[in-house]
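So the structure is just underneath, and the comments pick up after that.
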Amino acid sequence: MLISLSNTELEKTPSDPVMAPDSAESMAQFQNLEPLLEEIERRCNPQGKTIVVMPAYNAATTLVKTLADIPADVVDEIILVDDGSTDGTVDLALRQGLTVVKHKENRGYGGNQKTCYQYALEYGAEYVVMLHPDYQYDSRVVGIAIQLLRLGICDVVMGSRIRTRQEALAGGMPAWKYLANRLLTITENMALGQNLGDFHSGFRAYRREVLETIPFERNSDDFVFDSQLLAQAVYFQFRVGDIPVPVRYFPEASSINFIRCVKYGMGTLAVLARFWAQRLRIRPSKIFFSKKYDCDTDNRVQLQ
80 MLISLSNTEL
90 EKTPSDPVMA
100 PDSAESMAQF
110 QNLEPLLEEI
120 ERRCNPQGKT
130 IVVMPAYNAA
140 TTLVKTLADI
150 PADVVDEIIL
160 VDDGSTDGTV
170 DLALRQGLTV
180 VKHKENRGYG
190 GNQKTCYQYA
200 LEYGAEYVVM
210 LHPDYQYDSR
220 VVGIAIQLLR
230 LGICDVVMGS
240 RIRTRQEALA
250 GGMPAWKYLA
260 NRLLTITENM
270 ALGQNLGDFH
280 SGFRAYRREV
290 LETIPFERNS
300 DDFVFDSQLL
310 AQAVYFQFRV
320 GDIPVPVRYF
330 PEASSINFIR
340 CVKYGMGTLA
350 VLARFWAQRL
360 RIRPSKIFFS
370 KKYDCDTDNR
380 VQLQ
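Going by the numbering used here, the sequence shown opens with residue 80, and the numbers climb by one from there.
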């Protein structure tokens, strides 16, 4: 039985999607029920529950292939958050036995991920893998990413699409996108003190503590959400690593056009500027104020 997060309590059959709440107040109603359930789940599964979250928009043609490659023995639940699809994604996901959350209206890529992580935490996840359902990323490596989290080697694991230039281009990555990725990734590595192969991957895995600490709800609802979240992970001193993940570029795979790519790149540079303004105490930013450590009065007073 799924529990609706609306203001009225409605019993839903397993074939009904959960309707995403329209406000943080609605989500709070569900939070009151969770502590006891989470403790029971953790005792039953000492290794920790693993949930794959899929931010979906018109993914009906690729969803089944993506699911087929996910190792069944490492994933406890798959939550698909539909962002206003019109191609039957919700019905297909329900037939595949997924837990489905449906937005009443499109909230954007970042807004979709916010719902993904909120629900993963509410459903008791210790490890969360964000995987696009467009069959672009090879989902066979989900177990490897989770193992790095379980062993305590990393707190965040990125899937790197670029092991070599030849492989990336042979996989169908447009040359202009490859060049833009390289320039941004080099800049981010230098600014954030990291050594990642790909800062802009749609394959990511997190330990629960990361998502409980980072105020991702304050991030953008657009694509720059990804850049903000990684900068936040570095700011709060989480260990970020990566693994090579083969990718496929084809018409059905999601991708942003050149104009949106430029906007995303400028937004990413702005995130780096905000990161250093926060580090140097020049201009503290609300995206670097942890929801977990709310006793930091210095940051709370200076929020921008």
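Every residue gets a Cβ at the ideal spot worked out from N, C-alpha and C, and that includes glycine.
Alanine 249 carries a helical assignment under DSSP once its states are collapsed to helix, strand and coil. In the DSSP assignment, methionine 237 forms a beta bridge with Arg283 and Asp321. Judged by pairs of C-beta atoms under 8 Å, the stretch 215-226 does not touch the stretch 165-172, as fewer than three such pairs exist.
In the three-state scheme derived from DSSP, where H, G and I count as helix and E and B as strand, glutamate 184 is classed as coil. Beta-bridge partners assigned by DSSP to isoleucine 157: Val131. Valine 303 sits in coil when the DSSP states are folded into three classes, being neither helix nor strand. For threonine 347, the secondary structure class from DSSP, reduced to helix, strand or coil, is helix.
Leucine 210 sits in a strand when the DSSP states are folded into three classes. By a beta-carbon distance limit of 8 Å, phenylalanine 282 does not contact threonine 264. Their separation comes to about 15 Å. For threonine 145, the enclosing alpha helix (DSSP H) begins and ends at 142-147. Less than 8 Å divides the Cβ of glycine 238 from the Cβ of valine 324.
By the beta-carbon neighbour count (other beta carbons within 10 angstroms, threshold 16), alanine 151 is exposed. Going by beta carbons, aspartate 166 and asparagine 191 fall outside the 8 Å limit. With fewer than three CB-CB distances shorter than 8 Å, the stretch 249-256 does not count as touching the stretch 192-205. By the beta-carbon neighbour count (other beta carbons within 10 angstroms, threshold 16), phenylalanine 337 is exposed.
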